[in-house]
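K.L.:
The structure is given below, and queries will be raised subsequently.
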Amino acid sequence: MIDQLAGRQDPAANTLRGIQDQLREHQFTPQVRQQLTDAENASIAMTETLRGPGSPLKSALDQVGGKGQELTNKLTQLRNGAQQLATGNAQLSSGIAKMDDGAQQLKSGTAQLRSGSAELATKLTDGAKQVPTWSNQQKNAIADTIGGPVHLETAHENAAPNFGTGMAPFFVTLALFFGALVLWMILRPLQTRAIAAEVLPLRVALSSYLPAATIGIFQAIILYCVVRFALGMHAAHPVAMLGFMVLISFAFVAATQAINALVGPAVGRVLLMALLMLQLVSAGGMYPVETTSRPFQILHKYDPMTYGVNGLRQLILGGIDGRLWQAVITLLFILLGGLLITSLSARRNQLWNLTRLLPSIKM
């Protein structure tokens with residue numbers, strides 16, 4: 107191989123060619139060969155010694171390898187710690203900036219607090235100067251005023267002497283309405299003979315109304331006598347009370363006659379009983395209507411008994427105001443409206459058609 111390498115034309119080949127020449131000049135002697143063999147054996151022995159399990163060099167190399175892995179782990183931890191340190195430095199920088207802003211706000215607030223404290227001190231000083239200085243006599247007068255008993259002065263306007271007097275307007279109105287309802291259970295709302303005679307519808311209505319109204323007058327008088335003499339109730343305006351009771355009776359007789367004439371006696375009685383139940387709740391005679399539910403508060407304004415109760419309450423207890431005249435006008439409208447409806451019903455009954463001439467046969 108040396109001969110092959112020496113045959114090339116390059117500096118390394120020239121060097122090898124020189125070494126070859128030197129080796130040829132100095133041939134290996136037996137002594138030299140023996141030395142080389144000893145050196146080879148010593149090298150092999152040293153290699154086996156170094157590679158053995160108990161070799162100090164191998165132990166040292168193993169320790170170096172273990173320490174190297176530990177060093178790698180420590181370097182990794184060091185790198186992570188450096189990253190955390192960088193993050194903490196950024197947060198610290200942000201916190202320092204916020205702290206600086208807070209310090210500025212604190213500085214501004216401290217200035218405002220100092221200004222407000224000065225203003226408060228000034229106002230307190232001014233207020234202390236305005237506090238009056240009382241003499242002993244004034245102090246005693248104030249103490250007597252504060253510590254003395256309170257005297258309550260009460261005044262009752264149109265007070266009811268007892269509970270029965272306060273409830274009388276409601277029950278008187280209820281009795282008059284019930285009396286009118288019972289009248290048309292006995293009398294006919296429309297006289298058949300008057301309808302057949304083809305007289306004016308108003309005369310037909312009055313021919314039934316006037317007898318019932320006359321009975322209503324006696325009902326009102328009897329009821330007044332019972333309340334006044336049997337129960338001992340004293341009215342502030344007794345004559346006006348009796349006249350108003352007669353007006354209530356007239357209005358209720360006309361209203362009940364109109365309902366019976368319009369829908370017939372059988373259906374009319376049912377409607378009147380239902381109306382009576384509604385009036386008991388919405389009239390406001392037993393308790394204030396404001397304590398009832400909203401539907402009854404709405405019906406209160408359209409309830410005929412409402413105006414009878416309001417008028418009688420003022421005539422019995424006194425203190426007449428516009429509600430009395432409102433009640434009188436409303437009852438007159440009910441009276442005239444009832445007569446009008448009754449007249450129209452009479453006019454309807456005076457007209458004959460095939461349905462009335464040939465009624466359907468009911469099985």
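So in our numbering, the last spot in the sequence shown is 469, and the numbers never skip.
Where is the CB? At the ideal position from N, CA and C, for every residue including glycine.
Given the structure is predicted, the values throughout are model-derived calculations rather than measurements.
#1: Do you know how far the Cα of Val373 is from the Cα of Ala380?
#2: Classify Lys407 as helix, strand or coil using the three-state DSSP reduction.
#3: Counting C-beta neighbours from all protein chains within 10 Å, is the total for Thr182 16 or more, i.e. buried, or is it exposed?
#4: Should Gly194 be labelled buried (16 or more other beta-carbon atoms within 10 Å of its own) or exposed?
#5: Taking just the CA atoms, how far does Leu198 sit from Asp206?
#6: Is Leu442 near the ligand FAD, going by C-beta to nearest heavy atom under 7 Å?
#7: Taking Cβ positions, are Asn282 and Ser314 nearer each other than 8 Å?
#8: Leaving out five residues before and five after Gly390 in sequence, what residues of the same chain have Cβ atoms less than 7 Å from its Cβ?
#9: Is the distance from the Cβ of Leu329 to the Cβ of Met351 below 8 Å?
#10: Are the CB atoms of Val310 and Ile301 nearer to each other than 8 Å?
#11: Between the C-alpha atoms of Leu306 and Thr271, what's the straight-line distance to the nearest angstrom?
#12: So for Thr193, helix, strand or coil by DSSP?
#13: What ranges does the alpha helix (DSSP H) occupy inside the stretch 215-295, keeping only unbroken runs of at least 4 residues that lie completely in it?
#14: Reducing DSSP to helix, strand and coil, say where Ala209 ends up.
#15: Tell whether a beta-carbon distance below 8 Å holds between Gln385 and Trp290.
#16: Since Phe358 contacts Pro410 with CB under 8 Å, what's their CB separation in whole angstroms?
#17: Does DSSP put Gln297 in a helix, in a strand, or in coil?
#18: Are Leu421 and Val278 touching if we call contact CB-CB under 8 Å?
#19: Could you check if Met392 is buried or exposed, using at least 16 other CB atoms within 10 Å of its CB as the buried criterion?
#20: Please say whether Leu296 and Ala367 have beta carbons closer to each other than 8 Å?
#21: On the criterion of 16 or more Cβ atoms from any shown chain inside 10 Å, does Met347 qualify as buried, or is it exposed?
#22: Comparing alpha-carbon positions, which option in Ser399, Ala342 and Thr320 lies nearest Ala265?
#23: First and last residue of the alpha helix (DSSP H) that includes Ala357?
#24: Any idea what DSSP makes of Glu176, helix, strand or coil?
P.N.:
The structure says:
#1: Here residue 380 refers to the residue found at position 274 when the sequence shown is read from its first residue. Here residue 373 refers to the residue found at position 267 when the sequence shown is read from its first residue. Cα-Cα distance, rounded: 11 Å.
#2: Here residue 407 corresponds to residue number 301 of the sequence shown, with the count starting at 1. Residue state, collapsed to three classes: coil.
#3: In the sequence shown, counting from the first residue as 1, residue 182 sits at position 76. Exposed, because fewer than 16 other Cβ atoms sit within 10 Å of the Cβ of Thr182.
#4: Here residue 194 refers to the residue found at position 88 when the sequence shown is read from its first residue. It is exposed - the Cβ of Gly194 has fewer than 16 other Cβ atoms within 10 Å.
#5: For the purposes of this step, residue 206 is taken as residue 100 along the sequence shown, with counting starting at 1. For the purposes of this step, residue 198 is taken as residue 92 along the sequence shown, with counting starting at 1. Whole-angstrom Cα-Cα distance: 12 Å.
#6: What this structure holds is no ligand at all, so the ligand FAD is not there to describe.
#7: Counting from 1 along the sequence shown, the entry for residue 282 is found at position 176. Counting from 1 along the sequence shown, the entry for residue 314 is found at position 208. Before going on, a small fix: residue 282 reads as Leu here, not Asn. Using a Cβ distance threshold of 8 Å, Leu282 and Ser314 do not count as a contacting pair.
#8: Here residue 390 corresponds to residue number 284 of the sequence shown, with the count starting at 1. Around Gly390: His406, Thr412 and Val415.
#9: As a first step, residue 329 is located in the sequence shown; it is residue number 223 there, counting from the start. As a first step, residue 351 is located in the sequence shown; it is residue number 245 there, counting from the start. Yes, Cβ-Cβ distance for Leu329 and Met351 is below 8 Å.
#10: Start at 1 with the first residue of the sequence shown, and residue 310 comes out as number 204. Start at 1 with the first residue of the sequence shown, and residue 301 comes out as number 195. Contact flag set, yes.
#11: Start at 1 with the first residue of the sequence shown, and residue 306 comes out as number 200. Start at 1 with the first residue of the sequence shown, and residue 271 comes out as number 165. Rounded to whole angstroms, Leu306 to Thr271 spans 45 Å at the Cα level.
#12: Stepping through the sequence shown from its first residue, residue 193 is reached at position 87. Residue state, collapsed to three classes: helix.
#13: For the stretch 215-295, whole alpha helix (DSSP H) runs of length 4 or above, ordered along the chain, are 242-253 and 269-292.
#14: The sequence position of residue 209 within the sequence shown is 103, counting from 1. Reduced to three states, the DSSP call for Ala209 is helix.
#15: On the sequence shown, residue 385 is found 279 positions in, with the first residue counted as 1. On the sequence shown, residue 290 is found 184 positions in, with the first residue counted as 1. Contact flag unset, no.
#16: In the sequence shown, residue 358 corresponds to position 252, counting from 1. In the sequence shown, residue 410 corresponds to position 304, counting from 1. That pair is a contact at about 7 Å.
#17: To locate residue 297, count along the sequence shown from 1; it is residue 191. When secondary structure is reduced to three states using DSSP, Gln297 falls in the coil class, being assigned neither helix nor strand.
#18: Sequence index remark: in the sequence shown, residue 421 carries index 315 (1-based). Sequence index remark: in the sequence shown, residue 278 carries index 172 (1-based). No. Outside cutoff.
#19: Within the sequence shown, the letter at position 286 stands for residue 392. Exposed: under 16 other Cβ atoms inside 10 Å.
#20: Residue mapping note: residue 367 aligns to position 261 of the sequence shown, counting from 1. Residue mapping note: residue 296 aligns to position 190 of the sequence shown, counting from 1. In contact: Ala367 and Leu296 (Cβ atoms closer than 8 Å).
#21: Position 241 of the sequence shown, counting from 1, holds the residue named residue 347. So Met347 counts as buried.
#22: Locating residue 265 in the sequence shown gives position 159, counting from the first residue. Answer by Cα proximity: Ala342.
#23: To locate residue 357, count along the sequence shown from 1; it is residue 251. Unbroken alpha helix (DSSP H) run through Ala357: Pro344 to Val369.
#24: Position 70 of the sequence shown, counting from 1, holds the residue named residue 176. If DSSP states are grouped into helix, strand and coil, Glu176 belongs with the helices.
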